[in-house]
Structures are given as C-alpha cells and as structure tokens.
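Quick note on the working numbering: the sequence shown kicks off at 134 and runs consecutively.
Just so it is clear, CB atoms sit at the ideal spot from N, CA and C, and this is done for glycine as well.
These numbers were taken from a predicted model, which means no experiment stands behind them.
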Amino acid sequence: MTQDIQIEDLNVYFETASGPVYAVKNLSTTFHAGKISGVIGESGSGKSVMGMSILRLLPNTARVTGKCFFGDQELYTLPLRQLRKLRGKQIGLIPQNPNASLDPVMKVKRQFVEAVTAHTSLSRRNAAQDAGALLEQFGFTDAGAILDRYSFQMSGGMNQRLVSALGLINQPGWVIADEPTKGLDAPLRNQVYRVLRQIYRKNHSSMILITHDLLLARQLCDDIRVMYQGQIVEQGDARAVIDAPKHPYTAGLVGSLPSRGMHPIPLPDPKCEGHSGCPFYPRCEKATAGCAEHPPGEVTLPDGRKVRCRLYG
Ligand SMILES: Nc1ncnc2c1ncn2[C@@H]1O[C@H](COP(=O)(O)OP(=O)(O)OP(=O)(O)O)[C@@H](O)[C@H]1O
Ligand SMILES: [Mg+2]
134 MTQDIQIEDL NVYFETASGP VYAVKNLSTT FHAGKISGVI GESGSGKSVM
184 GMSILRLLPN TARVTGKCFF GDQELYTLPL RQLRKLRGKQ IGLIPQNPNA
234 SLDPVMKVKR QFVEAVTAHT SLSRRNAAQD AGALLEQFGF TDAGAILDRY
284 SFQMSGGMNQ RLVSALGLIN QPGWVIADEP TKGLDAPLRN QVYRVLRQIY
334 RKNHSSMILI THDLLLARQL CDDIRVMYQG QIVEQGDARA VIDAPKHPYT
384 AGLVGSLPSR GMHPIPLPDP KCEGHSGCPF YPRCEKATAG CAEHPPGEVT
434 LPDGRKVRCR LYG
C-alpha cells in the first residue's frame with residue numbers, strides 16, 4: 134500500500150539576473166494515496182514547479198524551503214542515494230517536456246532497459262519485452278521498430294507517448310503526470326487517458342495529473358487543486374470544482390472553455406498595481422475594496438471545498 138504525499142509550507146523561488154522569481158508560495162497540501170488528483174491553472178501558475186519539487190528535479194537556480202513527506206520519509210532532506218531508489222520506482226514522473234527528458238544519443242530501447250534494470254533484476258531482454266508491451270498500450274503498432282530508434286527520429290506526439298510509457302514502466306505506486314496529452318490529436322489523447330486510467334485501476338496507483346484540459350481533469354480525477362500565482366486557491370471534488378466553481382478565478386478558467394462560452398479572464402487592471410491583498414484582485418470581477426488590503430486565508434466550506442477568497446471568509 135502506497136502512502137500520501139504531504140507538502141508542508143513549500144516556497145520555491147528562482148535566482149534570476151533581475152532578482153528572485155517566486156513560483157510557489159506557502160503551499161501546503163496532501164495528495165491522498167489511491168486517488169487521482171488534478172492540478173489546473175494558467176500557464177506560469179506553478180503547477181510544474183510544485184510537481185517537480187516533490188522529486189527534487191528542479192534546476193539548480195531554484196531555492197526550495199518547506200517539507201514534503203512521503204510516509205515517514207522527508208523527501209527534501211532524504212539522501213540522494215535513497216531518493217534515486219524511490220524516483221521512477223515508487224514515484225514515477227511523466228515530465229512536461231519530452232524532448233528535454235529523452236536522451237537524444239541513446240536508442241529508445243536502452244532508455245527503457247536502463248530504467249527497468251536500475252530498479253529490478255529483470256534481464257535486459259525481458260525489460261525490452263515489457264517496454265514493447267507497454268508501448269503497444271500507448272498506441273504504437275510497431276513497438277519493436279520504435280524501440281530501435283532515437284527520439285529525434287520521432288514526432289513530438291510520439292515522444293510525448295514515449296515519456297508517458299517511460300514514467301510508468303516500473304509500475305510506480307505514484308505517478309506525477311505533467312500534461313501527458315499535450316500536442317496529441319483527439320484519438321491519441323483518448324488513448325493516453327484510457328491507458329492512464331487502466332494502469333491506475335490495475336495497479337491501484339495514485340496520480341498527480343497536471344493539465345490544462347479542464348474537462349479531462351473533471352472526467353479522470355477524484356479531486357482538483359486550482360493554482361494561481363504559486364498558491365492553491367481552490368480545492369475540492371473534481372466534478373464539483375468544474376461544475377460549480379467557488380473561486381472567481383476557477384469560474385474564469387471554466388468560463389474560458391469553448392463549451393462554456395469562451396469568456397477570457399480579464400487582464401490585470403493597471404489601477405490595482407501596488408496592492409497588498411489577494412493576488413487575483415487586479416483581475417477579479419467580484420473584488421471589493423477589502424480584497425486590496427489583505428491576502429485571503431484558506432477557508433474550508435461545509436462540503437469540504439477549500440477556497441482562498443474573501444467571498445467565503
Ligand atoms: N528555471 C526557471 N527560472 C526562472 N523562473 C522559472 C524557472 N522555471 C519556472 N519559472 C517560473 O516559475 C513560475 C511557475 O512556472 P511553472 O513552470 O511551474 O508554471 P506552470 O503552471 O507549470 O505553467 P505551464 O502550464 O505553462 O506549464 C513561472 O513564473 C515561471 O516563469
Ligand atoms: Mg508546467
């Protein structure tokens with residue numbers, strides 16, 4: 134039985150030439166074992182940084198404070214040797230950028246074989262067979278030929294599915310899937326959803342699914358966290374969050390869907406510059422004067438929904 138992933142007071146900023154850039158701010162949350170937890174939010178809201186921080190895969194310029202418990206292990210201070218044993222085996226990763234994560238000078242087969250033999254005593258031949266079988270599940274009809282290629286010989290969509298398979302090859306109890314369907318056409322997207330769901334059911338896996346596809350998140354996830362400027366501003370049951378959003382930002386994300394009228398969230402009102410209140414205040418159509426003064430705390434509503442907005446405070 135795998136364990137919860139519990140993040141406590143995570144802050145991440147990057148040292149840049151123009152000063153620190155905060156990506157995640159005072160974020161605490163528990164991802165529950167046995168669930169598919171969706172993470173949604175606009176580009177730059179901190180979804181990937183939060184996900185990558187769990188496995189300590191952020192670039193060297195990232196400064197991280199806080200704690201992340203996986204059962205009784207604290208991942209941010211775990212010796213690297215132990216963390217390496219855990220990566221890919223207990224917590225798998227499907228990274229957002231396949232081209233950056235696949236090795237361009239190593240054939241696909243060797244990348245799979247090394248991922249498997251790093252964690253098991255399986256022979257290289259059996260490891261390659263397992264890889265071929267998984268690639269077929271991901272819609273590759275000629276898995277043998279694919280394994281014999283380099284990533285640069287394949288399309289972006291093929292590489293996207295390859296990294297998904299690579300993240301799942303050791304059947305990890307947890308998977309962090311960062312936009313696993315980006316750039317895929319509708320039939321392949323559906324195929325990837327199906328495989329993720331099947332694997333999740335078969336292995337009773339737990340998943341953090343980072344996605345821009347709100348309707349996928351509604352369909353596939355148990356719960357959803359909504360991120361804005363490095364904070365979780367809403368969290369609750371997946372269907373409830375998408376069908377009846379509470380936070381004006383979540384309502385804005387849902388309202389910008391083509392199927393829901395395609396109304397974009399307004400850009401920040403320049404008159405609101407320099408405020409010390411809610412980060413969403415300059416774009417919020419429901420803002421009142423008080424919103425400019427104090428950032429809202431997180432409120433838990435009677436149905437268990439968590440919201441960071443003065444409307445509910
Ligand atoms: N290596 C880096 N150096 C400086 N800033 C970074 C770096 N990586 C991320 N950031 C910043 O951190 C913030 C959060 O980035 P992150 O990649 O987590 O966003 P995201 O929600 O995953 O966006 P997307 O949906 O586009 O993938 C952004 O402001 C981004 O510019
Ligand atoms: Mg991202």
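Paired residues, beta bridge with residue i - DSSP
i      : result
Ser170 : Ile341, Asp356
Asp236 : Its beta-bridge partners do not exist; DSSP assigns none.
Val157 : Val145
Leu226 : Ile309
Asp370 : Asp356
Gln139 : Thr163, Phe202
Arg196 : Tyr146
Val440 : Glu367, Val432
Arg130 : Nothing can be reported for residue 130: it is not among the residues displayed for the chain, which extend from 134 to 446.
Glu207 : Phe202
Tyr361 : Gln364
Arg351 : In DSSP, Arg351 forms no bridge with anything.
Cβ neighbour criterion (16 or more within 10 Å) applied to residue i
i      : result
Leu208 : buried
Asp436 : exposed
Gly410 : buried
Thr344 : buried
Gly306 : buried
Asn232 : exposed
Ala422 : exposed
His380 : buried
Lys404 : exposed
Glu426 : exposed
Leu213 : exposed
Ala251 : exposed
Pro192 : exposed
Gln286 : exposed
Val359 : buried
Arg443 : buried
Met395 : exposed
CB-CB length for residue i against residue j, believed under 8 angstroms
i      : j      : result
Gly179 : Gly363 : 4 angstroms
Leu342 : Gly171 : 5 angstroms
Met183 : Leu216 : At roughly 17 angstroms, the Cβ-Cβ gap does not stay under 8 angstroms, so Met183 and Leu216 are not in contact.
Ile357 : Ile173 : 6 angstroms
message: Would the region 264-280 count as touching the region 240-250 if we require 3 or more Cβ pairs under 8 angstroms?
response: yes
- prompt: Between the region 202-221 and the region 383-390, do three or more beta carbon pairs fall short of 8 angstroms?
  reply: no
query: Are three or more beta carbon pairs between the region 335-343 and the region 143-152 nearer than 8 angstroms?
result: Contact between the region 335-343 and the region 143-152 is absent, because fewer than three Cβ pairs lie under 8 angstroms.
message: To test your reading of the DSSP string, which unbroken alpha helix (DSSP H) runs of 4 or more residues are found completely within the region 251-288?
response: Runs found: 257-270, 276-280.
Sequence ranges, alpha helix (DSSP H) only - wholly within the region 294-337, length at least 4: Here the runs fully enclosed are 319-336.
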